[in-house]
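Working notes, beginning with the structure itself.
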Ligand SMILES: Nc1ncnc2c1ncn2[C@@H]1O[C@H](COP(=O)(O)OP(=O)(O)OP(=O)(O)O)[C@@H](O)[C@H]1O
């Protein structure tokens, strides 16, 4: 498969950032994660500032995020990679307001999540974020159509019918809208989850291993959908993935090890991603 990310036109700021990072490709594992990570110069849809997360107490404390500083640029597709236990899901969950950090701040736009009350956090997640999980997380008793509109219905907002029609047609779901999840394949269920995340045009879509349960054809469909959301619909997408092929759809891949960002690549090829992962795993 050709690398779709490689064909994405880079703007000037991307070029500068690229030069900084992969002009002569050698995996770099020496980024000081206490310093802001160079993100090129775009506006941030989300950012972590000295984000720290520890689980447990005393001798059993596990540091899942070790003062991470990173920006997720607007209208870009970012993938988070790293060995098992490196903190990928914790970073995404703290950024998406699904888990509370122990220290530091996670921002969505200018909103500091650590300052929000529970109700405000619920509203922010509902109104400004979209989620796609490995396990699809569809409601089994609702039809595909009802699952897609559920968050908007709960928020008491009106569905933009022409956008709903456009999204469901683009995802090949038009003939499946009356089906319940059990009557759909895994790939179709994940496309329903994508439609649910896209239909309200959230500021940022977070995917935790969105292709983790899919075969290669369905994975490609989901990744194409996410790529199109960024390229055509000005969306911002951040996913956690173990899959180098999935990560190659991203404009940027950041690599975690032991709760720190240790490397990043812009417009990466699958080979560069694999080489970087191998470098990190050799050191870990
Ligand atoms: N609820 C929890 N209680 C205690 N420790 C936890 C908890 N959740 C995560 N951890 C620990 O925090 C660290 C980071 O976990 P996290 O799930 O973020 O890693 P990951 O990179 O997403 O891993 P994987 O690729 O295996 O899903 C790990 O050492 C993990 O064991």
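Residue numbers (full-length UniProt numbering): 1 to 284.
Here a beta-carbon is modelled for each residue, glycine too, at the ideal position from N, C-alpha and C.
All figures in this text were calculated on a predicted structure; none of them were measured in a lab.
Out of the options, which one is the CA nearest neighbour of residue i?
| i | options | result |
| --- | --- | --- |
| residue 79 | 281, 266 and 279 | 266 |
| residue 212 | 94, 227, 161 and 245 | 245 |
| residue 114 | 122, 123 and 104 | 104 |
| residue 191 | 160, 159 and 133 | 133 |
| residue 250 | 231, 116, 259 and 58 | 231 |
| residue 193 | 59, 263, 162 and 225 | 225 |
Check for me: the beta strand (DSSP E) holding residue i runs from which residue to which?
| i | result |
| --- | --- |
| residue 73 | 62-73 |
| residue 104 | 103-108 |
| residue 172 | First-last for residue 172: undefined, no H or E at that position. |
| residue 139 | Counting along the chain, residue 139 falls outside any beta strand (DSSP E), and DSSP gives it neither H nor E. |
| residue 129 | 129-133 |
| residue 208 | 204-208 |
| residue 159 | Where residue 159 is concerned, there is no enclosing beta strand (DSSP E), given that its DSSP letter is neither H nor E. |
Let me check one thing: in DSSP terms, what residues is residue i bridge-paired to?
| i | result |
| --- | --- |
| residue 254 | 80 and 264 |
| residue 52 | 66 and 103 |
| residue 44 | 73 |
| residue 111 | 108 |
| residue 239 | 79 and 207 |
Using 8 angstroms for Cβ pairs, my map puts residue i next to residue j. What's the rounded Cβ distance?
| i | j | result |
| --- | --- | --- |
| residue 44 | residue 74 | 7 angstroms |
| residue 130 | residue 205 | 4 angstroms |
| residue 280 | residue 82 | 7 angstroms |
| residue 155 | residue 127 | 6 angstroms |
| residue 72 | residue 46 | 4 angstroms |
From which residue to which residue does the alpha helix (DSSP H) around residue i run?
| i | result |
| --- | --- |
| residue 192 | 186-198 |
| residue 98 | Note, residue 98: premise wrong, no alpha helix (DSSP H); not H, not E. |
| residue 213 | Element bounds for residue 213: n/a, residue is neither H nor E. |
| residue 234 | It is not in any alpha helix (DSSP H) - residue 234 carries neither H nor E in the DSSP assignment. |
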